[in-house]
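Numbering (mature numbering (1 follows the signal peptide of the UniProt record, and there is no 0)), first residue to last: -17 to -1, 1 to 424.
Where is the CB? At the ideal position from N, CA and C, for every residue including glycine.
Next comes the structure, spelled out in structure tokens:
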């Protein structure tokens, strides 16, 4: 079987024997760390830690220049910041082959690439006073990522590169926290030269698939679980509580390691090319589009799930129910006042976003759903067409790029992503830099 994979990969990818060996090694070793993948492909890597205002310590992964390039001063290269989505990590941008991974393509095209990791994922589990074993560590949602994490990470990247602004590329939740940031803090737009949103998410009222089923039944299941738990407590047994905690966690939302091992090693073993894995992914992200290189599934999944809080997952479920871009509802006016200064959690008005934006989305995506995008996001961002518009005495470019047959993960793993998304983005940034050099921006 290994020989078949080698021959198939050589013909299909048309890469050198040296790179082919590394591809096979990556598949066999199945590393679970962004630094290992970057190092295995021979790219430079800097791991940069930064402390947020509320005490979390986050780790960013930086590829300061391409593998074949002579080192140049950091401030000579435009900075591109990549932000992952829910339950993901920075590895999302480097798990494909170098000619198809966004992080590597950007580095090879002369950019200083920074990849963020928000609180709670495997690379950002430190705090000045808490450990990941403390319940208080996990009391956060995407609102806190928006409020604290983005500020800390982007400010640090700009500080260390001696630049005033950068280019931001987000995927899924990585787009939501930037939409909300630009709505909540208008001045933050000065740090974002252009915002590229892949599989953009704001409202999630119309999501489909397994996650929609989970969200629709979550509160009902929670009520049933609570009743049974109370009964078990009355009968002096906590077996059910322990079972629930074992499989889904209490403060951290994480599937049991045994379950994940079965999923990855049995259903997603690239040597068996088992369609069960692809079918399950399709039930979450959208129907299989013919873009997935199944032999790389162990690498794509090696760092997933990346980790987040139960509170953050509940916030997403609340948004499915209320159909709004709304912060976590503590379901208690006193708690909401304590955290937000008002009885109800804030709702974000995306009409306030004031930055050049490029949205890349597809009707085939079940999570960044077409109805949510067309009936809310595009209308609220004034993006029903591609044009220049004036807001706050400035001229902004907005582009709505509708793609054919991209499910939610194809924006990261898809065979067509490099040609249809990444390379056009690279050309846009390069063109913007040229305009800036001629003094016309």
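Let me confirm a value: residue 217 is counted as buried when at least 16 other C-beta atoms fall within 10 Å, else exposed. Which label applies? For the purposes of this step, residue 217 is identified with residue 234 of the chain shown, where counting begins at 1. Because residue 217 sits at a pLDDT of 45, beneath the cut-off of 50, its placement in the model cannot be relied upon, and the following sentence gives the value as read from the coordinates. Residue 217 should be labelled exposed.
Taking the alpha carbon of residue 139 as the reference point, which residue from 156, 62, 274 has its own alpha carbon closest? Locating residue 139 in the chain shown gives position 156, where the first residue counts as 1. Looking at the Cα atoms, 62 is the closest of the given residues.
For residue 179, which three-state DSSP category applies? One-based indexing of the chain shown puts residue 179 at position 196. Assigned with DSSP and collapsed to three states, residue 179 falls in strand.
With DSSP collapsed to three states, give me the class of residue 153. Start at 1 with the first residue of the chain shown, and residue 153 comes out as number 170. Strand, per DSSP.
Helix, strand or coil at residue 396 [DSSP, three-state]: Position 413 of the chain shown holds residue 396. The answer is helix: DSSP assigns residue 396 an H, G or I state.
If you reduce the DSSP assignment to three classes, tell me which class residue 22 lands in. By one-based count along the chain shown, residue 22 stands at place 39. Residue 22 falls in the helix class under three-state DSSP.
Give the straight-line distance between the Cα atoms of residue 123 and residue 311, rounded to the nearest whole angstrom. In the chain shown, counting from the first residue as 1, residue 123 sits at position 140. In the chain shown, counting from the first residue as 1, residue 311 sits at position 328. Each residue's Cα considered, the two are about 9 Å apart.
Extent of the continuous alpha helix (DSSP H) to which residue 283 belongs: Counting from 1 along the chain shown, the entry for residue 283 is found at position 300. For residue 283, the enclosing alpha helix (DSSP H) stretches over residues 280 to 283.
Take residue 393 as the anchor and find which of 76, 159, 340 has the nearest alpha-carbon. As a position in the chain shown, residue 393 is number 410, starting the count at 1. Comparing Cα positions, the closest option is 76.
Which residues in the same chain as residue 227 place their Cβ atom closer than 6 Å to its Cβ, once the five residues preceding and following it in sequence are excluded? Reading the chain shown from its first residue, position 244 is the one you call residue 227. Residue confidence is low: residue 227 scores 42 on pLDDT, short of 50, so the model does not pin down where it sits. Its coordinate-derived value is still stated next. The beta carbon of residue 227 sits closer than 6 Å to no other beta carbon from its chain once the five residues preceding and following it are set aside.
Could you work out which residue in 73, 106, 79 is closest to residue 40 when comparing CA atoms only? Mapped onto the chain shown, residue 40 falls at position 57. 106 is the residue among 73, 106, 79 whose C-alpha sits nearest the C-alpha of residue 40.
Is residue 356 closer than 9 Å to residue 333 when the C-beta atoms are compared? Here the question's residue 333 lines up with position 350 in the chain shown. Here the question's residue 356 lines up with position 373 in the chain shown. Contact: no.
May I ask you to verify whether the region 81 to 91 touches the region 397 to 406, counting CB pairs closer than 8 Å and requiring at least 3? A contact exists between the region 81 to 91 and the region 397 to 406.
Please classify residue 227: does DSSP put it in a helix, a strand, or coil? Position 244 of the chain shown, counted from the start, is the residue given in the question as residue 227. Below a pLDDT of 50, predicted positions are generally treated as unreliable, and residue 227, at 42, falls in that range; the measurement from the model is reported next regardless. Of the three classes helix, strand and coil, the one that applies to residue 227 here is helix, per DSSP.
Which one or two residues does DSSP pair with residue 235 in a beta bridge? Along the chain shown, read from residue 1 onward, the residue named residue 235 stands at position 252. 292, per the DSSP bridge assignment.
Using the three-state DSSP reduction, which class does residue 107 fall into: helix, strand or coil? What you label residue 107 is simply residue 124 of the chain shown in a count that begins at 1. It is coil, neither helix nor strand.
Chain-order list of residues whose beta-carbon lies under 6 Å from that of residue 241 (same chain, five-residue window excluded): Against the chain shown, residue 241 aligns to sequence position 258. Here residue 241 scores only 48 on pLDDT, less than 50, and its place in the model should not be relied on; the value that follows carries that caveat. Within the same chain, residue 241 has no close Cβ partners at all.
For residue 414, count neighbouring Cβ atoms within 10 angstroms of its own Cβ and tell me buried if that reaches 16, exposed if not. The residue given as residue 414 occupies position 431 in the chain shown. Exposed, because fewer than 16 other Cβ atoms sit within 10 Å of the Cβ of residue 414.
Could you check the C-alpha separation between residue 225 and residue 291 for me, to the nearest Å? Translated into the one-based positions of the chain shown, residue 225 becomes position 242. Translated into the one-based positions of the chain shown, residue 291 becomes position 308. Its pLDDT being 45, under 50, residue 225 is placed unreliably in this model, and the value from its coordinates should be taken loosely. Counting only the Cα atoms, residue 291 lies some 20 Å from residue 225.
What's the call for residue 285, buried or exposed, on a 16-neighbour Cβ count within 10 Å? For the purposes of this step, residue 285 is taken as the residue at position 302 of the chain shown. Label assigned to residue 285: buried.
Residue(s) in a DSSP beta bridge with residue 391: On the chain shown, position 408 is the one that residue 391 refers to. Answer is none; residue 391 lacks a bridge partner.
Contact set for residue 70: own chain, Cβ-Cβ below 6 Å, skip 5 residues either direction: Here residue 70 refers to the residue found at position 87 of the chain shown. Here the set comprises 288, 289, 291.
What's the gap between the Cα of residue 417 and the Cα of residue 93? Position 434 of the chain shown, counting from 1, holds the residue named residue 417. Position 110 of the chain shown, counting from 1, holds the residue named residue 93. Roughly 13 Å separates the two Cα atoms.
Starting from residue 98, trace the beta strand (DSSP E) both ways and give me its first and last residue. Here residue 98 refers to the residue found at position 115 of the chain shown. 95 to 98 is the extent of the beta strand (DSSP E) around residue 98.
Have a look at residue 353 and residue 180 and give me their C-alpha separation to the nearest angstrom. Walking along the chain shown from the start, residue 353 turns up at place 370. Walking along the chain shown from the start, residue 180 turns up at place 197. Answer to the nearest angstrom: the Cα atoms are 14 Å apart.
Assuming the contact rule is C-beta atoms closer than 8 Å, residue 148 and residue 174 should be a hit. Round their C-beta distance to whole Å, please. As a position in the chain shown, residue 148 is number 165, starting the count at 1. As a position in the chain shown, residue 174 is number 191, starting the count at 1. Contact holds; Cβ gap of about 5 Å.
For residue 340 versus residue 177, is the C-beta spacing smaller than 9 Å? Here residue 340 is taken as the residue at index 357 of the chain shown, counted from 1. Here residue 177 is taken as the residue at index 194 of the chain shown, counted from 1. Yes, the pair counts as a contact, with Cβ atoms nearer than the cut-off.
Pick helix, strand or coil for residue 336, following the three-state DSSP scheme. In the chain shown, the residue the question calls residue 336 occupies position 353. Assignment of residue 336 by DSSP, reduced to helix, strand and coil, places it in the coil class.
DSSP on residue 113, reduced to helix/strand/coil? Here residue 113 refers to the residue found at position 130 when the chain shown is read from its first residue. It is coil, neither helix nor strand.
Tell me which residue opens and which closes the beta strand (DSSP E) that residue 41 is part of. Numbered from 1 along the chain shown, position 58 holds the residue referred to as residue 41. Taken as a continuous stretch (DSSP letters only), the beta strand (DSSP E) holding residue 41 covers 39 to 46.
Output the distance between the C-alpha atoms of residue 335 and residue 382, rounded to the nearest integer angstrom. Against the chain shown, residue 335 aligns to sequence position 352. Against the chain shown, residue 382 aligns to sequence position 399. Approximately 17 Å between the Cα atoms of the pair.
Between which two residues does the beta strand (DSSP E) containing residue 64 stretch? To locate residue 64, count along the chain shown from 1; it is residue 81. DSSP places residue 64 inside the beta strand (DSSP E), whose first and last residues are 62 to 66.
Would you please state the rounded distance, in angstroms, between the beta carbons of residue 99 and residue 146? I believe it to be under 8 Å. Start at 1 with the first residue of the chain shown, and residue 99 comes out as number 116. Start at 1 with the first residue of the chain shown, and residue 146 comes out as number 163. Not quite, the Cβ-Cβ distance comes to about 16 Å (not below 8 Å), so this is no contact.
Using a threshold of 9 Å, state whether the C-beta atoms of residue 359 and residue 182 are closer than that. Taking the first residue of the chain shown as 1, we reach residue 359 at position 376. Taking the first residue of the chain shown as 1, we reach residue 182 at position 199. For residue 359 and residue 182, no; Cβs fall outside 9 Å.
Within this structure, are the beta carbons of residue 399 and residue 80 separated by less than 9 Å? As a first step, residue 399 must be located in the chain shown, where it is residue number 416. As a first step, residue 80 must be located in the chain shown, where it is residue number 97. The Cβ atoms of residue 399 and residue 80 do not sit closer than 9 Å to each other.
Measuring straight from C-alpha to C-alpha, what distance separates residue 274 and residue 322? For the purposes of this step, residue 274 is taken as the residue at position 291 of the chain shown. For the purposes of this step, residue 322 is taken as the residue at position 339 of the chain shown. Answer to the nearest angstrom: the Cα atoms are 43 Å apart.
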